[in-house]
Ligand SMILES: NC(=O)c1ccc[n+]([C@@H]2O[C@H](COP(=O)([O-])OP(=O)(O)OC[C@H]3O[C@@H](n4cnc5c(N)ncnc54)[C@H](OP(=O)(O)O)[C@@H]3O)[C@@H](O)[C@H]2O)c1
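Residue numbers (the working numbering): 218 to 345.
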């Protein structure tokens, strides 16, 4: 699937800002690899953008999982041999009702899990 188009990977793109960033980059002519940790949600999101006539494909990616990041890197390398843009959008805030509604009420464990997901373990490992 070699391409002369610029290739963009977006993490956590099945909803929210990642989904809209996928749409906007595809509208600008990028071939967008829309990734999601949930296969069904990711495929549905990619299909929605394909139905809008956009060049978007789905690939599974959990940014906290090394094997998952490696599989995506291999896919990008084999299919395109390049990556022009990486939008590392995926993130969580594990907000629990038990913690209250304000970040100032959050428990230390909640904040620790969030930091580990978003910063410590997150997939800055996509080496093409
Ligand atoms: N919205 C704002 O006002 C705002 C402001 C400042 C910064 N941001 C940042 O912008 C980014 C997107 O915000 P948003 O409001 O669009 O967030 P969102 O609606 O909560 O979406 C977060 C996305 O990240 C995915 N995700 C979470 N953990 C993941 C993991 N381990 N592997 C792969 N995907 C994972 C989620 O997947 P699931 O659907 O499976 O949960 C979801 O697709 C975040 O980094 C956020 O911190 C947002």
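We put the beta carbon where it would ideally sit given N, CA and C, even for glycine. Predicted, not measured: the structure shown is a model, and the values here were computed from it.
Query                                                                                                                                                                               : Result
Does the beta carbon of residue 254 fall short of 7 Å from some heavy atom of ligand 1?                                                                                             : yes
On the criterion of 16 or more Cβ atoms from any shown chain inside 10 Å, does residue 250 qualify as buried, or is it exposed?                                                     : buried
Can you tell me which residues form a DSSP beta bridge with residue 327?                                                                                                            : According to DSSP, which records beta bridges pairwise, residue 327 is partnered with nothing at all.
Please list the terminal residues of the continuous beta strand (DSSP E) segment that includes residue 253.                                                                         : 248-253
For residue 323 versus residue 316, is the C-beta distance shorter than 8 Å?                                                                                                        : yes
Which of the three DSSP states is assigned to residue 293 in this structure?                                                                                                        : helix
Out of 222, 301 and 265, state which residue places its alpha-carbon closest to the alpha-carbon of residue 231.                                                                    : 265
Give me, in chain order, the residues of the same chain whose beta-carbon lies closer than 7 Å to that of residue 279; leave out the 5 immediate sequence neighbours on both sides. : 254 and 285
For residue 345 and residue 290, I'd like the C-alpha separation in whole angstroms.                                                                                                : At residue 345, the pLDDT of 45 sits below 50, so the modelled position is not reliable and the matter cannot be decided from this model.
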